[in-house]
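Following: one structure in structure tokens, then a few remarks.
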Amino acid sequence: MRVEEVMQRDIISIVPTDTVGHAVSLMLENKVRHLPVLSVETEELTGIVSNRDLRALDPQLIIQEVMIENVHTAFPGDFVEEAAYMMLENKIHCLPVMDDENVAGMLTDTDLLRTLVKLTGSDRPTSRVEVDVPDESGQLARLTTIAKDYKMNIQSIFAIPSEQDRMRIVMRMQTINPHSFVQELKHQGYVLIWPEEPEMR
């Protein structure tokens, strides 16, 4: 999934000569936590401010005096996971998304969480099945074949590195009762992490 698919396109911006008070009012009015600062002449990105940085400041201060000028940015074609890694590494909560010299959108940590929920299928009525398997080729193919044999549709599937030479595979099954599928996994010797035995009973 790419940044352009999840970014916010309605951009609320300010200019360097605006006051802190004006910026805070815009944030409250539009329910946003970050504002890009655009040049009056060219509308190019010159900085960014956040509600966390502004809330303790004098409302009469000029944005140019307090904005962050070295802004980390993303591009519409970037992969979401790469943008998320950039935000994590730099301990930031928002990325302006640039199309040439223009701000095309804003990507926030909330957008990334919403994307995570969508990618994992957690926003749909599904059941989670998680197994621990050897880290070797063919594991996903074998699991999807078993699911097909039991007419179970997999809404999402992803692998998480586990201990050395092993990985955890998490599946979201389009059913409220994966019992038969889970029993077959156990019968074939899979190490079941979820659902736990009490839930199955």
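In full-length UniProt numbering, the protein residues as written are 1 to 201. Even for Gly, the Cβ is constructed at its ideal location relative to N, Cα and C.
- In the structure shown, T19 falls within a strand segment according to DSSP collapsed to helix, strand and coil.
- Taking the C-beta atoms as reference points, V191 is found no nearer than 9 Å to V129.
- In the structure shown, V40 falls within a coil segment according to DSSP collapsed to helix, strand and coil.
- Counting C-beta pairs closer than 8 Å gives three or more between the segment 7 to 15 and the segment 24 to 33, which meets the contact rule.
- Looking only at V97, V80, M86, N102, the smallest Cα-Cα distance to E41 is reached by N102.
- Distance from the Cα of K148 is smallest, within the candidate group S180, E163, V170, I169, for S180.
- Taking a contact as a CB-CB distance under 8 Å, the pair R172 and T108 does not count as one, their CB atoms being some 25 Å apart.
- Looking from the CA of L61, the closest CA among D111, L143, H22, R114 belongs to H22.
- When secondary structure is reduced to three states using DSSP, N153 falls in the coil class, being assigned neither helix nor strand.
- Per DSSP, R114 has no beta-bridge partner at all.
- Looking from the CA of S127, the closest CA among M86, I176, L88, E81 belongs to I176.
- Only residues of its own chain outside the window of five on either side were considered, and among them H34, L35, P36, V37, M67, I68, V71, C94, P96 have a CB closer than 8 Å to the CB of I48, listed in chain order.
- The alpha helix (DSSP H) runs of length 4 or more contained entirely in the segment 135 to 183 are, from start to end of the chain, 139 to 149.
- For M87, the uninterrupted alpha helix (DSSP H) run begins and ends at 80 to 90, by DSSP.
- For D53, the enclosing alpha helix (DSSP H) has its first and last residue at 51 to 54.
- In this structure, the beta-carbon distance from L45 to T73 falls below 9 Å.
- Checking the DSSP bridge columns, you'll see E130 partnered with V170, W194.
- For L112, the closest of V131, A84, Q174, E89 by C-alpha to C-alpha distance is A84.
- Leaving aside the five residues that flank P161 on each side, the residues in its chain whose CB is nearer than 7 Å to its CB run, in chain order, M167.
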